[in-house]
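One structure is given here, and the rest of the page talks about it.
Chains as they are written, first to last, in UniProt numbering: chain A, 1 to 283; chain B, 1 to 283; chain C, 1 to 283; chain D, 1 to 283.
Written as structure tokens, this is what we have:
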């Protein structure tokens with residue numbers, strides 16, 4: 001049995017002694033650091049740290065005390081998580097199902113530090129599969145004219161499910177800026193190209209037209225600017241002139257599953273800090 | 001000792017029996033096919049073939065006879081090369097030297113099916129190194145106002161050297177449309193990004209700004225549209241938040257060397273066919 | 001709708017004119033080659049070819065005629081398949097389920113040119129999941145003392161299912177030489193290391209002990225020599241000192257799924273020829 | 001201009017508060033940590049740390065004081081380096097020259113935090129090239145009967161050159177256990193396979209015979225057990241049935257150059273700790 005840990009993600013203006021002050025605070029409370037990683041962006045003058053420790057005292061109190069210490073004494077922004085807390089995740093899908101199955105099976109296998117709370121879809125195609133997996137399925141049709149109400153309904157479902165994270169498993173609708181604000185939690189999207197190449201629709205068709213020799217997939221946090229959010233993870237695979245568009249789609253499915261899963265895992269493990277539309281990934 | 005071979009690159013409108021007609025023509029002249037590879041683009045209706053054979057007769061005559069057969073009887077465009085012919089290559093450089101050294105060393109090691117004819121540079125920095133390698137070095141300064149004359153001088157040097165191919169080893173000037181026309185031979189360029197992402201100047205800075213997780217390099221044939229020519233080869237390498245721009249440049253150098261070398265090798269081995277601003281690479 | 005095709009895999013002693021004779025035979029019957037790929041092993045003096053064509057005549061007759069032509073006139077061994085025939089596959093599993101789910105989902109998605117006929121397992125853990133997927137599940141317990149009878153029962157199930165291929169999705173028993181003979185069909189296994197490194201049991205533990213920087217997976221045809229059969233496909237992924245054995249197992253799962261799936265797909269697409277305990281893969 | 005830094009590599013028995021004690025020691029002396037990375041091997045109970053800081057005081061004194069603190073107060077083994085110190089490197093070669101040129105060019109380009117002190121070879125083939133690069137070249141022929149004297153001469157040369165590191169750029173002789181002891185400095189070797197697969201001679205021939213689908217290269221510290229030393233870095237590249245042994249050798253050269261260079265760079269950047277015949281690489 002692993003001991004429960006506190007994981008803090010800190011960032012803020014760089015200043016001398018931060019590593020020492022953080023580690024000493026933890027040590028002096030009788031706690032034991034199990035991992036610590038830090039990074040400075042010298043151009044931006046920002047310090048980043050991920051530190052994980054086994055608290056000697058009561059875990060909630062220690063977490064709260066650290067948050068206060070970080071903000072009041074260090075002037076840093078801190079996200080403090082506990083390893084025993086398992087965040088809830090809302091899975092958005094349309095009809096394409098490879099990321100849907102892959103994500104659910106990874107949660108089932110214990111690979112993810114969280115729980116799937118619900119599936120939300122604008123189509124009914126995956127309702128039966130979701131039921132077999134025992135995950136609540138919500139069908140919210142979206143049309144041009146009903147988009148605002150549909151998003152309100154989605155927000156209601158997400159909030160009722162207690163989700164701390166939304167993941168878009170090839171969900172084929174653009175979420176509005178208003179949705180992203182009201183959701184109040186991060187949204188991870190998987191785009192089927194090596195961004196910034198081939199943003200927008202039909203990236204495999206764009207890639208085929210341009211004659212690239214590698215295709216890619218990109219997991220990023222969704223922002224109001226489509227396909228422009230902070231990139232979490234990317235990967236590519238080799239293609240050749242024999243590969244027609246269906247081959248690109250087939251090869252791309254494996255990339256999308258793997259890149260999407262990595263991004264969700266890194267997020268749930270509290271390994272990602274966002275700043276200046278980029279990510280620091282402590283892996 | 002390998003027997004001399006003829007290598008033909010054919011392309012043209014798809015029609016039934018092409019594989020049979022080509023292979024039978026070769027067989028009936030008592031020659032022996034050592035490699036044959038073909039490809040159809042069903043959308044474009046184009047047939048592509050690379051076929052290599054040991055001719056039974058006199059090699060020049062056989063090559064000429066095949067070219068006539070391909071164009072007159074099959075209605076195909078054919079580039080016919082002989083393995084004993086070693087094409088001459090003009091190497092364009094500026095000050096950055098990693099692709100310069102790498103390319104020359106690969107030619108020296110016998111890895112390339114051709115010979116370096118000359119080095120052309122708009123700076124004198126690599127003159128001494130070129131001399132040590134025993135390769136004629138031509139300094140042709142280029143300024144905004146002298147570009148036309150400089151290009152005329154470069155063309156003169158290239159033609160005098162007998163070059164069949166120009167390779168731009170991080171040559172930092174854009175070649176004009178007029179240069180490309182007058183050169184009368186293909187030009188291979190190495191761009192330090194995964195095109196079409198980060199075309200234009202300072203791609204590593206662009207990549208750093210965007211926060212991508214992989215950087216790339218792309219070798220392509222130069223065309224009048226900058227960074228838009230047919231892609232020959234691409235590769236990527238992983239980066240992380242610890243990598244500042246100098247790290248990207250360092251990691252990128254290895255990519256550039258390797259991708260550039262592959263493209264030159266594939267070209268000299270007569271493995272590349274260009275159509276619709278894309279390449280078919282028979283590797 | 002794609003036209004039905006015949007796919008022939010040929011191999012035998014190299015001799016002049018083979019490409020011509022095969023392509024002419026097809027052309028003269030009014031049929032049209034859609035793909036052709038050949039390879040010579042000059043050391044072994046063996047010629048290999050994969051050729052696919054749309055027959056003009058009745059497909060069964062054309063296939064039979066070609067087989068006769070290949071063996072009697074060319075003296076080659078030919079495996080002749082028809083694109084409309086969908087081979088049946090028996091899936092062997094134990095308790096570990098990632099390759100099990102992944103393989104089934106790929107068959108369901110239409111990615112594989114065949115059909116799952118049955119699941120055979122020495123444990124009951126995956127019976128319910130197999131039922132949900134609608135695939136017959138056969139529980140055949142295996143102990144040291146009952147291995148012979150168990151294998152006889154497995155053979156009976158495989159034959160009754162009509163399976164043309166057995167795939168071992170992390171099936172944790174060694175199949176005996178006698179089983180492999182009686183099965184009468186190829187068996188593809190996935191080994192969780194980069195063979196020939198770390199053959200045998202617990203390869204991730206062996207890799208961790210040795211301190212390698214990459215872990216791998218290998219799909220191969222099972223033979224009487226454990227982990228020594230012809231390799232079909234391999235891949236690796238990077239690890240570092242932070243990765244404990246559970247991390248290797250997690251990362252390895254993705255490798256195993258992907259490598260296993262590639263091997264099955266290549267086999268069902270009739271792209272693999274075996275000789276001298278190696279494979280020629282026409283991809 | 002970067003400020004001079006001290007880099008300490010620490011390892012020893014894990015104990016609470018190590019991160020805090022190290023960072024506080026540095027902070028309390030008015031110095032500023034620029035990087036810190038740590039790792040625990042929970043099975044072995046060992047703590048590892050790489051910490052780099054800008055000392056406020058005189059750099060030699062600070063380095064010495066830290067070394068004393070680490071050993072006497074923490075009971076840790078510490079290697080303490082200064083960023084302004086540029087270690088000297090002895091390059092051992094035979095006739096094969098790709099790693100030779102590549103390594104020298106990387107040192108010349110400023111990519112390596114050290115300096116080439118000398119080239120030692122059992123052949124004279126590369127004497128002229130070494131001279132052109134301006135690096136002292138020592139020819140020490142080695143035969144079965146003269147091996148002991150030859151090694152004594154090599155040791156004398158290495159010591160006279162002041163080398164802190166020996167790198168074997170495809171040096172084709174096995175260094176004896178006695179040599180490794182007397183050298184008194186680490187030795188990095190590049191082996192042209194993905195170890196532990198294909199240890200010993202002619203690994204590309206072994207790989208070709210076995211029919212693997214990937215070939216590799218491994219950089220490791222040389223120990224008395226041939227090809228069994230701690231692995232620093234590894235990489236692989238894909239091959240196929242078309243690749244004969246010369247193709248494997250050509251593809252392998254690129255792997256060897258890149259893997260060897262990475263290992264040397266990581267070593268000179270003080271990023272490698274060795275324990276239990278494995279490495280911790282803080283990259």
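The beta carbon of each residue, even a glycine, is placed where N, CA and C say it ideally should be.
Counting only the Cα atoms, residue 127 of chain D lies some 56 angstroms from residue 268 of chain C. A residue is called buried when at least 16 other Cβ atoms come within 10 angstroms of its Cβ; residue 21 of chain A meets this threshold and is buried. Judged by DSSP in its simplified three-state form, residue 168 of chain C adopts strand.
Exclusion of the five residues before and after residue 254 of chain C leaves 237 as the residues of its chain whose Cβ lies within less than 8 angstroms of its Cβ.
In the displayed model, residue 4 of chain D falls within coil according to three-state DSSP, outside both helix and strand.
Checking the DSSP bridge columns, you'll see residue 235 of chain B partnered with B:217. At a beta-carbon threshold of 7 angstroms, none of the residues of chain C lie near residue 267 of chain D; the nearest stands roughly 15 angstroms away. In its chain, beyond the 5 residues on either side, 275, 276 have a beta carbon closer than 8 angstroms to the beta carbon of residue 44 of chain D. Secondary structure at residue 262 of chain A: helix, using DSSP grouped into helix, strand and coil. A Cβ of chain B is located within less than 8 angstroms of the beta carbon of residue 36 of chain C. Here the C-alpha atom of residue 251 of chain B lies approximately 15 angstroms from the C-alpha atom of residue 260 of chain B. Using a CB distance below 9 angstroms, the part of the stretch 13-34 of chain B facing chain C consists of 16, 17, 18, 19, 20, 21, 22, 23, 24, 25, 26, 27, 28, 30, 31, 32, 33, 34, ordered along the chain. For the stretch 192-209 of chain D, the set of positions with a beta-carbon nearer than 8 angstroms to some beta-carbon of chain B is empty.
By the C-beta density criterion, residue 187 of chain D is buried, having at least 16 other C-beta atoms within 10 angstroms. Residues of the stretch 249-261 of chain D whose Cβ lies closer than 9 angstroms to any Cβ of chain B, in chain order: 250, 253, 254, 257, 258, 261.
Against residue 132 of chain A, the close residues of chain C are 132, in the order they occur along the chain (beta-carbon pairs closer than 8 angstroms). Distance between residue 35 of chain B and residue 35 of chain D, taken at the CA atoms: about 55 angstroms. In the structure shown, residue 15 of chain C falls within a coil segment according to DSSP collapsed to helix, strand and coil. Interface flag for residue 128 of chain B against chain D is unset, since no Cβ pair is found closer than 8 angstroms. One Cα belongs to residue 83 of chain A, the other to residue 221 of chain A, and the distance between them is close to 23 angstroms. Relative to residue 131 of chain A, the option among A:119, A:282, A:142 whose CA is nearest is A:119.
Taking a cut-off of 8 angstroms for Cβ pairs, the stretch 180-197 of chain A and the stretch 206-222 of chain A touch, as three or more such pairs fall below it. The beta carbon of residue 109 of chain C falls within 8 angstroms of a beta carbon belonging to chain A, placing the residue at that interface. No Cβ-Cβ contact shorter than 8 angstroms links residue 18 of chain D with residue 48 of chain D.
At a C-beta separation below 7 angstroms, residue 105 of chain B has these neighbours in chain D: 101. Per DSSP, residue 111 of chain B lies in no beta strand (DSSP E) segment and is marked neither H nor E. Among the residues of chain B, those whose CB is under 8 angstroms from the CB of residue 98 of chain D are 105, 109, following chain order.
Here DSSP, grouped into helix, strand and coil, assigns residue 121 of chain B to strand. The Cβ atoms of residue 170 of chain D and residue 96 of chain D lie closer than 8 angstroms to each other.
Looking at the DSSP output, residue 268 of chain D sits in no beta bridge, so it has no partner there. In this structure, the straight-line span from the alpha carbon of residue 51 of chain D to that of residue 33 of chain D is close to 7 angstroms. The stretch 172-183 of chain D makes contact with the stretch 135-154 of chain D: 3 or more CB pairs, one atom from each, lie closer than 8 angstroms. Judged by pairs of C-beta atoms under 8 angstroms, the stretch 67-85 of chain C does not touch the stretch 101-112 of chain C, as fewer than three such pairs exist. For residue 147 of chain B, the three-state secondary structure derived from DSSP is helix. Only 277, 278, 279, 280, 281 from the stretch 269-281 of chain A bring a Cβ to less than 7 angstroms from some Cβ of chain B. DSSP places residue 52 of chain B in the uninterrupted beta strand (DSSP E) bounded by 46-54.
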